[in-house]
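Peer 1: Have a look at this one before I ask anything.
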Amino acid sequence: MSTQHNIDVDVVVVGAGFAGIYATHLLRTKNNLTVQGFEKGSGVGGTWFWNRYPGARCDAESIVYSYGFDDEIQQEWTWSERWATQPEILEYANFVADKLDIRQYYRFNTEVASITWDEETATWTTTTADGATTVSKYVITAVGCLSASQVPNFPGLADYRGEVHHTGAWPHEGVDFTGKKVCVIGTGSSAIQSIPKIAEQAEHVTVFQRTATFTVPARNRPLGVDEMALVKAAYPALREHAKTTVAGVIVKQPIGSALELDDATVRAELDARWASGGPSVMNAFTDTMTDMEANQITAEYVREQIRATVKDPATAALLTPDAYPIGTKRICVDTDYYETYNRDNVALVSVREHPIERIGSRGPVVDGVEHDCDILVMATGFDAITGPLLRLNITGREGLPLSEAWAEGGKSYLGLSVAGFPNMFTITGPGSPSVLTNMIVSIEQHAEWITDALLALEEQGIDTIEATPEAQEGWVSYVNEVANTTLYPQAASWYMGDNIPGKARVFMPYAGGAHTYRSICEDVAGAGYRGFALSSRDRAPKVRVPVA
Ligand code: NAP
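Numbering of the sequence shown is given in our numbering, commencing with residue 953 and proceeding in unit increments.
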């Protein structure tokens, strides 16, 4: 435990999702540091606490989208379906929070208003919305990548007479669509999961689509007792294997280059993966995400499925994506999405040529037509990755707000540490693999790396750790370089910040693979935290080694 006297706690942790739960657990049990956690919601679960819209499920399979650090937890918990529902994942988060007795370290219903570095005392002051302050030596942000909901600035929205719900801030009591006319804006993952469920209940659903989306069938199914028993027996090996993969998941490996394999082999592979369900079609070939011609082979395959499923040719044409390479906007995983457009009570309105002009008192207005609805569902996404961090109003050295440091995009060393923001760590921050991987695997790796670093530093009497500007620049360039070897930058996506007006256009996650990233982080730690400035308050900086 720290010997600093002017602090309330050693560490402030922001967020009680999977990242905050595990980081807090490690800080208490491994580091023996005092922790104050803050959570805006009334309970744990993070993204799964807020995204309670109908049909919400994880697009990573439940047996891998779960913690691997504790065998007791994984042996006691039993998943009921291949792709877990939001309620089941939230129940799991609560189960883990109970097991680890984690809630005692958190103040719930408590939003962080600002976090400010004090140069004199080398401490952070976290101010919450209720005006209370907490002084700490370290701050760890565990705010997730997709927690800052984004509602477009539609004129007239305030005067709309019906209910408005964003998928990312869904009412806990649910929304009853029975007998209601519903308009859904957006066709990303949240819309694609919720539209079929809403359509089952509502009198009528109108979907407003700006960009047609590629989605693949989940082929969800129950996990039987015998299957779960096998998984439980294999868990230690499965977890170790997941760490060695690009995305931290267990998927069938690519069979080769789509351009080099013969057509029949390519077709058979896509057929098999389409039939088995989930996003593994994206992983069928080595060059899907790096070569446009190869990409179009998989894209065309999915387009064919859409045309074969949607009965009305005009609707099928509108639903067929042509604006970006498949996978460069996150692939969606659905249950009966395309089939839903065969229902009589579902209509699709393209807002590609004619954007939503305004929200009238009765509903969205497109091309002069007001679409009457009782409930307006905003499935309009998030200010991703940097948004949740910027909303914390963090100010670093010399009074520099994070918003200014990041005016040209989220700059960070390893996605873990920002130059000018000492003793602050960002779990799954910009420049780390985060959203391109199984988030729980990436969260575990970050929480373990950060708490190992704190252990080493505390033992050596180091007071501050901070990315050097040189190391940060080097990492940002490398992240961009890697992104530019892929097709990702070719889409207007939230990965690139395109969905937020005025946001810098930068590919935010590290696309080099979770396995590669893990070994880079291990290497940095092994080299005495290369690229970090480490200093003691009574001495000049001890180590200042630029990144190799
Ligand atoms: P999203 O992918 O960003 O989709 C937002 C949708 O709203 C897009 O279709 C977008 O159109 C549309 N939109 C935004 N502003 C608009 C405007 N002014 N007019 C018309 N349309 C507008 O958001 P999301 O669906 O919430 O998903 C975000 C991410 O969360 C996913 O990519 C995924 O990583 C994660 N997620 C995962 C799951 C899962 O695990 N299964 C489920 C839900 C979400 P454009 O495409 O034209 O911008």
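All C-beta atoms, glycine included, are put in the ideal place defined by N, C-alpha and C.
1) Should L1098 be listed as close to the ligand NAP, given that the test is whether its C-beta is under 7 angstroms from any heavy atom?
2) Considering only residues of the same chain and omitting the five flanking positions on each side of K1149, which have a CB-CB separation below 6 angstroms?
3) Output yes or no for whether 8 angstroms exceeds the beta carbon distance between V1127 and A1331.
4) Opposite V1087 in the DSSP bridges: which residues?
5) With F1334 and A1100 assumed to form a contact (beta carbons below 8 angstroms), what rounded beta-carbon distance in angstroms separates them?
6) Assuming R1034 and E1013 are in contact, meaning their beta carbons sit under 8 angstroms apart, how far apart are those beta carbons, in whole angstroms?
7) Following the continuous alpha helix (DSSP H) through M1180, name the residue where it begins and the one where it ends.
8) For V1048, report the span of its alpha helix (DSSP H) as first-last.
9) Between I1392 and F1001, what straight-line distance do the alpha-carbon atoms span, to the nearest angstrom?
10) Would you grab the beta carbon distance between I1395 and A971 for me? Rounded to a whole angstrom, and I think it's under 8 angstroms.
11) Using only CA atoms, which one of A1143, K1455, V987, I1025 lies nearest to T1078?
12) Under 8 angstroms by Cβ, that's how I've got F1166 and I1283 pegged, so tell me the actual separation to the nearest angstrom.
13) Excluding sequence positions up to five away, which residues of its chain have a Cβ less than 7 angstroms from the Cβ of S1488?
14) Find the nearest neighbour of T1080 within the set L1098, Y1058, E1072, T1073, judged by alpha-carbon distance.
15) At what residue ranges does the stretch 1354-1439 contain a whole run of the alpha helix (DSSP H), taking only runs of 4 or more?
16) Quick one: residues in its chain with C-beta nearer than 7 angstroms to the C-beta of E1071, no 5 flanking neighbours on either side, listed in chain order?
17) Tell me the DSSP secondary structure of G967 in three-state form.
18) Just the Cα atoms here: how many angstroms apart are S1445 and M1244?
19) Mind pulling the alpha helix (DSSP H) runs of 4 or more residues that sit fully within the stretch 1264-1352?
20) Taking the alpha carbon of N1105 as the point to measure from, which residue in V1095, S1471, P1453, L1222 has its own alpha carbon closest?
21) In whole angstroms, what separates the C-alpha of D960 from that of T1086?
22) In whole angstroms, give me the CA-to-CA distance for A1143 and G1478.
23) Apart from the five residues on each side of it in sequence, which residues of its chain come closer than 7 angstroms, Cβ to Cβ, to P1441?
24) So who's on the other strand from S1487, going by DSSP bridges?
25) Could you check if F1484 is buried or exposed, using at least 16 other CB atoms within 10 Å of its CB as the buried criterion?
26) On a Cα-Cα basis, can you pick out the residue from A1074, Y1253, I1311, A1399 that is closest to N983?
27) Tell me the DSSP secondary structure of S1099 in three-state form.
28) Between the alpha carbons of D1296 and W1226, how many angstroms are there, rounded?
29) In terms of residues, what are the limits of the alpha helix (DSSP H) holding K1455?
30) Starting from A1065, trace the beta strand (DSSP E) both ways and give me its first and last residue.
31) May I have the straight-line CA-CA distance separating M953 from L1409, to the nearest angstrom?
32) Can we say the stretch 1353-1372 touches the stretch 989-996, given the rule of at least three CB pairs closer than 8 angstroms?
33) Whose CA, out of T1380, S1429, R1255, D1450, lies closest to the CA of A1466?
Peer 2: Looking at the atomic coordinates:
1) Placement of the Cβ of L1098 at a distance of less than 7 angstroms from at least one heavy atom of the ligand NAP is found.
2) Excluding residues within five positions, the ones whose Cβ falls inside 6 angstroms are P1006, G1007.
3) With respect to A1331, V1127 sits apart: the two C-beta atoms are not nearer than 8 angstroms.
4) According to DSSP, which records beta bridges pairwise, V1087 is partnered with T1077.
5) With a Cβ gap of about 6 angstroms, F1334 and A1100 count as contacting.
6) With a contact defined as Cβ atoms closer than 8 angstroms, R1034 and E1013 qualify at about 6 angstroms.
7) Taken as a continuous stretch (DSSP letters only), the alpha helix (DSSP H) holding M1180 covers 1177-1195.
8) Boundaries of the alpha helix (DSSP H) around V1048: 1038-1052.
9) About 15 angstroms.
10) Sure, about 4 angstroms apart at Cβ, within 8 angstroms.
11) Here the closest residue by C-alpha is V987.
12) Taking a contact as a CB-CB distance under 8 angstroms, the pair F1166 and I1283 counts as one, their CB atoms being some 6 angstroms apart.
13) Only G1413, I1414, D1415, K1494 meet the Cβ criterion.
14) Nearest of L1098, Y1058, E1072, T1073 to T1080, Cα basis: Y1058.
15) Listed in chain order, the complete alpha helix (DSSP H) runs (minimum 4 residues) inside the stretch 1354-1439 are 1354-1357, 1391-1412, 1421-1436.
16) Apart from the 5 residues on each side of it in sequence, E1071 sits with its Cβ closer than 7 angstroms to the Cβ of R1349 in its chain, given in chain order.
17) G967 sits in coil when the DSSP states are folded into three classes, being neither helix nor strand.
18) Roughly 17 angstroms separates the two Cα atoms.
19) 1265-1271, 1289-1292, 1339-1342, all fully within the stretch 1264-1352.
20) Ranking V1095, S1471, P1453, L1222 by Cα distance to N1105 puts P1453 first.
21) Those two C-alpha atoms are separated by around 6 angstroms.
22) Distance between the alpha carbons of A1143 and G1478 is about 44 angstroms.
23) Counting only Cβ-Cβ distances below 7 angstroms, and skipping sequence neighbours, we find A1435, M1448, F1459.
24) Paired residue(s): T1416.
25) Buried, by the Cβ-count rule.
26) Nearest C-alpha to N983 among A1074, Y1253, I1311, A1399: A1399.
27) Residue state, collapsed to three classes: coil.
28) If I take the Cα positions, the gap works out to 27 angstroms.
29) It is not in any alpha helix (DSSP H) - K1455 carries neither H nor E in the DSSP assignment.
30) Its beta strand (DSSP E) spans residues 1064-1070.
31) Annotation note: pLDDT 46 at M953 (below 50); position unreliable, coordinate value reported separately. If you draw a straight line from the Cα of M953 to the Cα of L1409, it comes to about 12 angstroms.
32) Contact between the stretch 1353-1372 and the stretch 989-996 is absent, because fewer than three Cβ pairs lie under 8 angstroms.
33) Among T1380, S1429, R1255, D1450, the Cα nearest to that of A1466 belongs to T1380.
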